[in-house]
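Below is one structure, written out as structure tokens; the observations come after it.
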Amino acid sequence: MKVTVVGAGAVGASCAEYIAIQNFASEVVIVDIKEGFAEGKAMDLMQTASLLKFDTQITGSTNDYSKTAGSDVAIITSGIPRKPGMTREELIGINAGIVKSVSEQLVKHSPDIILVVVSNPMDTMAYLAHKATGLPKNRIIGMGGALDSARFKYRLAEALECPQSDVDGMVIGGHSDTGMIPLTSIATRNSVKASEFLSADTLEEVAKATMVGGATLTGLLGTSAWYAPGAASAAIVHAIATDSKKMIPCSALLDGEYGLSDLSIGVPCIIGKGGIEKIVEIDLNDAEKEKLANSAAAVQKTNGLLEL
Numbered sequence: 006m007k008v009t010v011v012g013a014g015a016v017g018a019s020c021a022e023y024i025a026i027q028n029f030a031s032e033v034v035i036v037d038i039k040e041g042f043a044e045g046k047a048m049d050l051m052q053t054a055s056l057l058k059f060d061t062q063i064t065g066s067t068n069d070y071s072k073t074a075g076s077d078v079a080i081i082t083s084g085i086p087r088k089p090g091m092t093r094e095e096l097i098g099i100n101a102g103i104v105k106s107v108s109e110q111l112v113k114h115s116p117d118i119i120l121v122v123v124s125n126p127m128d129t130m131a132y133l134a135h136k137a138t139g140l141p142k143n144r145i146i147g148m149g150g151a152l153d154s155a156r157f158k159y160r161l162a163e164a165l166e167c168p169q170s171d172v173d174g175m176v177i178g179g180h181s182d183t184g185m186i187p188l189t190s191i192a193t194r195n196s197v198k199a200s201e202f203l204s205a206d207t208l209e210e211v212a213k214a215t216m217v218g219g220a221t222l223t224g225l226l227g228t229s230a231w232y233a234p235g236a237a238s239a240a241i242v243h244a245i246a247t248d249s250k251k252m253i254p255c256s257a258l259l260d261g262e263y264g265l266s267d268l269s270i271g272v273p274c275i276i277g278k279g280g281i282e283k284i285v286e287i288d289l290n291d292a293e294k295e296k297l298a299n300s301a302a303a304v305q306k307t308n309g310l311l312e313l
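Encoded structure:
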């Protein structure tokens, strides 16, 4: 498998590293607009190959998309990251132009490609990629739900005082501080509902901490996080490469599912070699349905800022 990572910053470099370490891709190409930056990151990563025992070949390119030709999957991380106090939506003006151009270049050189969109505002950028490329809806995946769910499980395990391997849970809805919906009602510890161990108030605190997980890290780091976003993106690519049919919450273009259409938003998806192979419709309680409707309205509002 050949994978392209667009953007050689912290998130992009983390994606490339995690993919290489797992040793399922034959080649990773990193592309960046800054002269020599992608080449330097690729060289640095390749000098870990003998130490970390991987055979993936990593190369870098300064804005030459011809080197991405034949890619099976591309991860789009390019754009400006959040700064403290910024919302993801505030990035739309700059990032929309970048994501549109990048998407078109990738499809030009690899018409059968699957795109994994990381750039923020992520749901709107995934929607833009659909409009810019015309790819089938299964071949554009927004990463947000995978990351948000990982952050939810981190907070659940913290509250339960147990290993993260013990917990399961997912986040649906928009990838924003107010739009994401941690499904506390179905969260579990070894198949036992988390509500058996935690009070309703504690679960609500877990949900709130999850929703501001990105903003919390931006405040601590002075910029967007990179390890977990990189790992979430790599997990999606791994599911595609291995055709694992793994269920991962992702931003998918909806066409009637959950009563929503013509927007990309986080829902549970089966991920395999075809990309999004199925959107899973789960039963939501009335409060969750209302939250999803409100989240979708907010995403639609942000989509309205696009110049399509």
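Residue numbering for the sequence shown follows the numbering used here, starting at 6 and increasing by one per position.
Note that CB positions come from ideal geometry on N, CA and C, so glycine has one too.
Quick caveat, the model's predicted, so the values are computed rather than measured.
Residue range of the alpha helix (DSSP H) that residue i falls in?
i, result
"residue 175", "Run containing residue 175: none; DSSP gives neither H nor E here."
"residue 20", "15 to 27"
"residue 150", "149 to 165"
"residue 293", "291 to 308"
"residue 219", "218 to 226"
"residue 111", "97 to 114"
"residue 234", "232 to 246"
"residue 136", "127 to 138"
"residue 57", "54 to 57"
Pull the bridge partners of residue i from the DSSP assignment, please.
i, result
"residue 79", "9, 120"
"residue 62", "32"
"residue 187", "176"
"residue 252", "275"
"residue 197", "194"
"residue 258", "269"
"residue 67", "37"
"residue 287", "Answer is none; residue 287 lacks a bridge partner."
If you draw a straight line from the alpha carbon of residue i to that of residue j, how long is it in whole angstroms?
i, j, result
"residue 136", "residue 185", "23 Å"
"residue 274", "residue 23", "22 Å"
"residue 246", "residue 233", "20 Å"
"residue 220", "residue 213", "12 Å"
"residue 142", "residue 156", "26 Å"
"residue 183", "residue 258", "20 Å"
"residue 44", "residue 13", "9 Å"
"residue 64", "residue 11", "12 Å"
"residue 287", "residue 40", "47 Å"
"residue 121", "residue 191", "27 Å"
"residue 271", "residue 150", "5 Å"
"residue 356", "residue 238", "Examination of residue 356 is not possible in this model, given that the chain is present from 6 through 313 alone."
"residue 285", "residue 255", "11 Å"
"residue 205", "residue 250", "33 Å"
"residue 7", "residue 25", "11 Å"
"residue 207", "residue 164", "8 Å"
"residue 294", "residue 20", "33 Å"
"residue 132", "residue 209", "30 Å"
"residue 298", "residue 17", "32 Å"
"residue 9", "residue 308", "26 Å"
"residue 35", "residue 53", "16 Å"
"residue 248", "residue 99", "34 Å"
"residue 174", "residue 230", "21 Å"
Pop quiz: residue i and residue j are said to be a contact at Cβ under 8 Å. What is the actual Cβ separation, rounded to whole angstroms?
i, j, result
"residue 130", "residue 148", "About 10 Å separates the two Cβ atoms, so there is no contact after all."
"residue 124", "residue 83", "6 Å"
"residue 176", "residue 161", "At roughly 11 Å, the Cβ-Cβ gap does not stay under 8 Å, so residue 176 and residue 161 are not in contact."
"residue 303", "residue 227", "Between residue 227 and residue 303 the Cβ distance is about 26 Å, and since that is not below 8 Å, they are no contact."
"residue 73", "residue 112", "Going by Cβ atoms, the distance from residue 73 to residue 112 rounds to 10 Å, so no, they are not a contact pair."
"residue 311", "residue 101", "6 Å"
Candidates the options: which alpha carbon is nearest residue i's?
i, options, result
"residue 357", "9, 187, 28, 188", "The requested residue 357 does not occur in the structure, where the chain is confined to residues 6 to 313."
"residue 66", "38, 111, 268, 249", "38"
"residue 197", "183, 204, 171, 206", "171"
"residue 31", "313, 242, 311, 222", "242"
"residue 78", "313, 161, 298, 276", "276"
"residue 282", "306, 146, 102", "146"
"residue 96", "53, 111, 18, 181", "181"
"residue 110", "266, 175, 81", "81"
"residue 368", "117, 267, 19, 9", "Since the displayed the chain opens at 6 and closes at 313, residue 368 lies outside it and no answer follows."
"residue 253", "53, 289, 132, 153", "153"
"residue 291", "313, 222, 263", "263"
"residue 216", "300, 167, 166, 168", "300"
So residue i is in the beta strand (DSSP E); what residue range does that whole segment cover?
i, result
"residue 280", "280 to 284"
"residue 41", "Here residue 41 belongs to no beta strand (DSSP E), and DSSP marks it neither H nor E."
At a cut-off of 7 Å, is residue i close to the ligand NAP when judged by its beta-carbon and the heavy atoms of the ligand?
i, result
"residue 251", "Looking for the ligand NAP in the displayed structure turns up nothing, as the structure carries no ligands at all."
State yes or no: is the beta carbon of residue i nearer than 8 Å to at least one beta carbon in chain D?
i, result
"residue 146", "Looking at the structure shown, chain D is missing, and only one protein chain is on hand."
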